[in-house]
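With this note's numbering applied, the sequence shown covers 223 to 356.
Quick reminder that beta carbons are idealized off the backbone N, C-alpha and C, glycines included.
Computed from a prediction, not measured in an experiment: that's the story for all the values here.
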Amino acid sequence: MDQAVLPLSPTEQETSLGSIVPPHTADAYWLTPYGAPGAWSTNTTYIVGHSWEGRASPFNNISSLSQPGDVLTVTTAEGPVHYKIDRVTTEYKDTLKDSAIWDKAPGRLVLITCFMEDLGGKNIIIQASPLPAA
């Protein structure tokens, strides 16, 4: 996926409910109250976006295209940051707020999108760890 990532600040209500719905666009969004990409990050970095049925989106089919061990690159103003995918899982939308993905994990990257086979009920979660700088 080669996708620009826009900043998104969830509302206080979304954060307290653990239910963050990005704008209904094909864009990717970085949740700004949490971590920023980079090994120096003091929290988890979250990037969210929609999967779409019948229209293109960089998040479509991400679960079938991503496997543990794959490398993701996030390009920041300071340069590229490389991550190794640790896990690709599905979680029910109504229990996501209680998921361990919200535990603070410095440097970790989490991608969240809808599961194409159950757009209304499940999310795909990709968790990745930063690789040492080359």
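Can you find the residues in the same chain that come closer than 6 Å, C-beta to C-beta, to residue i, ignoring five residues on each side of it along the sequence?
i      : result
Gly260 : Val303
Val296 : Pro259, Val303
Arg423 : Since the displayed the chain opens at 223 and closes at 356, residue 423 lies outside it and no answer follows.
Is the separation between the beta-carbon of residue i and that of residue j shorter than 9 Å?
i      : j      : result
Pro255 : Ser231 : yes
Gly271 : Asp292 : no
Pro354 : Ser263 : no
Leu253 : Ile242 : yes
Ile307 : Leu318 : no
Ala350 : Arg330 : yes
Excluding the 5 residues flanking residue i on each side, which residues of the same chain have their C-beta closer than 8 Å to its C-beta?
i      : result
Ser273 : Ser279, Phe281, Asn282, Asn283, Ile284, Thr335, Cys336, Phe337, Met338, Leu341, Ile346
Lys344 : Thr312, Glu313, Tyr314, Lys315, Cys336, Phe337
Rounded to a whole number of angstroms, what is the C-alpha to C-alpha distance between residue i and residue j?
i      : j      : result
Gly257 : Tyr314 : 24 Å
Arg309 : Val332 : 10 Å
Ser321 : Thr247 : 25 Å
Thr267 : Pro245 : 18 Å
Asp316 : Tyr251 : 21 Å
Asp224 : Gln235 : 31 Å
Gly301 : Pro290 : 24 Å
Tyr305 : Ile269 : 13 Å
Spatial neighbours of residue i within its chain, please: CB distance less than 7 Å, with the 5 preceding and 5 following residues excluded, ordered by chain position.
i      : result
Asn265 : Tyr256, Gly257, Lys326, Pro328
Ser288 : Ile307, Val310, Ile348
Within the continuous alpha helix (DSSP H) that includes residue i, where are the two ends?
i      : result
Ile399 : Here the chain has residues from 223 to 356 only, and residue 399 is not among them.
Which two residues bound the contiguous beta strand (DSSP E) that contains residue i?
i      : result
Ile334 : 331-337
Leu318 : Premise fails: Leu318 is in no beta strand (DSSP E) and is neither H nor E.
Pro229 : 227-230
Leu353 : Counting along the chain, Leu353 falls outside any beta strand (DSSP E), and DSSP gives it neither H nor E.
Exercise. Mind pulling the beta strand (DSSP E) runs of 3 or more residues that sit fully within the stretch 233-288?
Worked result: You should have 250-253, 267-271.
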